[in-house]
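Q: Under full-length UniProt numbering, read the sequence shown as residues 1 to 391, first letter to last.
Each residue gets a CB set at the ideal place from its N, CA and C atoms; glycine is no exception.
Quick caveat: nothing in here was measured; it's all calculated off a predicted structure.
There's a structure below that I have some questions on.
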Amino acid sequence: MSADLPTDVTRLTQALIRCPSVTPAEGGALTLLENVLTELGFVCHRLTFSEPGTPDIENLYARIGTSGPNLCFAGHTDVVPPGEEDAWSVPPFAGEIRDGILFGRGAVDMKGAIACFVSAAAAYLAQSDTQRRGAISLLITGDEEGPAINGTVKVLDWLKQQGEQIDACIVGEPSNPRRIGDEIKVGRRGSLNGEIIVNGRQGHSAYPALADNPVPKLARIIDRLSVLPLDEGSERFERSNLEVTIISVPNTVTNVIPGQARAAFNVRFNDNWTRERLEDAIRSCCEASAAEVEADMRLTFSFSGDAFCTEPGPLLDTLVAAVRDVSGVTPALTTGGGTSDARFIKNACPVIEFGLVNATIHKVDEHVPVSDLSALTAIYTRFLERFFAAA
């Protein structure tokens, strides 16, 4: 490994992209980070967690400094699959630069931000020891794009068992819609998944009286559910929305009435709701609709996280000031978008999200301008200086 890799944000991002770490594969990305951070003086812990029915997941926790406060950067090296590789302008794991643009799966979500923070930490640590105080840590998971069972949530449990405290956290998710400095994510809506199963009686489509078709019954339930009034938003969040995402029957031919029909839906909900109240409202709607058509229905839920919002304070004020120092832009404070691992970290300490521009995440030809990597590194560096100066 080149000695200047930690300080060369572009080369470090390229090196991370070249690790094919599609969830749940580690792909060499955590090993690369561990080597880079060890070279900088961090004490690293590789943590592998498993659970029946889920793949083993490798994670990394690294820290430098023994006193408080402990400022943590959280992120993930796992990426979504590239899809059809022939559709890419460049190979998705080649890390090629064309006309000042770095292409590759994970360039934005979120290997680029990890490289920016490591480079910023290297610049900050190069300052005189008399200027340094507190601790810097990184919590990097390989299970953010997957089920998120054996990743951040279990690393946080491990830290608690070790008596390790995180005092503040930045998650490097791509938070900006157009340019670096547009937005800081200060919260996220909650996420609730549901599955509806309607049982019928299989039979020949020419003899409907001898069968019981579950499809129109499921359609009635879905129709009622899709127009269920939730809310019009709240002071800090956009409105809640319920989206039907899957409808399926176990049929491979057209002349058989199926014996069962299924649907899945996802709800993104704001702070008008708790999980319990939302489940009750959905269950009441589905049961009333099922009763109308005499459907044999089963409804189940799975939960991803509650809505949350980080209140103004030193962490947020410091990042806003750092963004303004470097970019001249005052970022908007927002709560839109999907979920992130911040939903777990909020239980340990104040957490906010700030990273690259999110326009190409999960897309073919995901890419980041090299100039954006430099800008984000400068913001992270300024943030570290301000944060610890005020510690």
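How about residue 414 and alanine 29: do their beta carbons lie closer than 7 Å?
A: The displayed coordinates of the chain run from 1 to 391. Any statement about residue 414 would go beyond what the structure contains.
Q: Compare the beta carbon distance of leucine 192 and glycine 203 with 7 Å and say whether it is the shorter of the two.
A: No. Outside cutoff.
Q: Where do the N-terminal and C-terminal ends of the alpha helix (DSSP H) with asparagine 213 fall, by residue?
A: Per DSSP, asparagine 213 belongs to no alpha helix (DSSP H) and is neither H nor E.
Q: If you scan the segment 44 to 93 from start to end, which runs of the beta strand (DSSP E) of 3 or more residues do you find wholly inside it?
A: List check, beta strand (DSSP E) in window: 54 to 64 and 70 to 76.
Q: Tell me valine 198's beta-bridge partners as DSSP assigns them.
A: DSSP lists Ala261 and Met297 as partners of valine 198.
Q: Please determine, among Ile221, Pro55 and Glu279, the residue with the shortest C-alpha to C-alpha distance to isoleucine 197.
A: The residue with the shortest Cα to Cα distance from isoleucine 197 is Ile221.
Q: Let's test the definition: count the other Cβ atoms within 10 Å of the Cβ of glutamate 232 and tell me whether it reaches 16, buried, or not, exposed.
A: Exposed: under 16 other Cβ atoms inside 10 Å.
Q: State the DSSP-derived secondary structure class of asparagine 358, mapped to helix, strand or coil.
A: Asparagine 358 falls in the coil class under three-state DSSP.
Q: Measuring straight from C-alpha to C-alpha, what distance separates phenylalanine 344 and serine 304?
A: Looking at the two C-alpha atoms, the distance is approximately 10 Å.
Q: Are there three or more Cβ pairs, one per stretch, closer than 8 Å when the segment 341 to 358 is compared with the segment 87 to 100?
A: The segment 341 to 358, when compared against the segment 87 to 100, does not touch it at the 8 Å Cβ threshold.
Q: Let's see if you can read the secondary structure: which residues bound the alpha helix (DSSP H) around serine 340?
A: No alpha helix (DSSP H) contains serine 340, which DSSP labels as neither H nor E.
Q: Please return the same chain residues whose Cβ sits closer than 8 Å to the Cβ of asparagine 347, not counting the five positions on each side in sequence.
A: Here the set comprises Leu156.
Q: Is it true that the CB of alanine 107 sits closer than 7 Å to the CB of glutamate 366?
A: A contact, by the Cβ cut-off of 7 Å.
Q: Considering only their Cβ atoms, is the gap separating alanine 322 from valine 171 smaller than 7 Å?
A: Taking 7 Å as the Cβ cut-off, valine 171 and alanine 322 do not qualify as a contacting pair.
Q: Give the range of the alpha helix (DSSP H) segment to which leucine 228 is assigned.
A: Segment: none, leucine 228 is in no alpha helix (DSSP H) and carries neither H nor E.
Q: Within the chosen definition, does the segment 110 to 122 reach the segment 63 to 80 through at least 3 CB pairs nearer than 8 Å?
A: In short, these stretches touch, since the Cβ pair count reaches three.
Q: Could you tell me the distance, in whole angstroms, from the CA atom of leucine 33 to the CA atom of alanine 295?
A: So the two alpha carbons sit approximately 54 Å from each other.
Q: Can you tell me which residues form a DSSP beta bridge with isoleucine 246?
A: Its beta-bridge partners are Ala264.
Q: From glycine 68 to leucine 12, what distance separates their C-alpha atoms?
A: Cα to Cα, the separation comes out at about 28 Å.
Q: Just mark aspartate 167 as buried or exposed, buried being the case when its beta carbon has 16 or more other beta carbons within 10 Å.
A: Per the 10 Å Cβ criterion, buried.
Q: Name the residue from Glu276, Phe301 and Leu40 whose alpha carbon lies nearest to the alpha carbon of phenylalanine 265.
A: When each option's Cα is compared against that of phenylalanine 265, the closest is Phe301.
Q: I believe threonine 335 touches arginine 188 by the beta-carbon criterion, under 8 Å. Please report the beta-carbon distance rounded to the nearest angstrom.
A: With a Cβ gap of about 6 Å, threonine 335 and arginine 188 count as contacting.
Q: If you measure between the beta carbons of tyrosine 124 and leucine 384, is that distance less than 7 Å?
A: Closer than 7 Å, so yes.
Q: Let's see if you can read the secondary structure: which residues bound the beta strand (DSSP E) around threonine 334?
A: Threonine 334 -> beta strand (DSSP E) spans 332 to 334.
Q: Hey, how far is the Cα of valine 364 from the Cα of alanine 87?
A: Going by the C-alpha atoms only, they are around 7 Å apart.
Q: So, helix, strand or coil for arginine 133, using DSSP?
A: In the structure shown, arginine 133 sits in coil (DSSP, three-state: anything other than H, G, I, E or B).
Q: Just to confirm before moving on: does the CB-CB distance between alanine 122 and leucine 40 stay below 7 Å?
A: Contact: yes.
Q: Threonine 310 and isoleucine 352: beta carbons closer than 7 Å?
A: Yes, Cβ-Cβ distance for threonine 310 and isoleucine 352 is below 7 Å.
Q: Looking at the secondary structure, which residues open and close the beta strand (DSSP E) in which isoleucine 170 lies?
A: Isoleucine 170 -> beta strand (DSSP E) spans 168 to 171.
Q: In the DSSP output, what is threonine 141 paired with across the bridge?
A: DSSP, once it has assigned bridges, lists His76 as partnering threonine 141.
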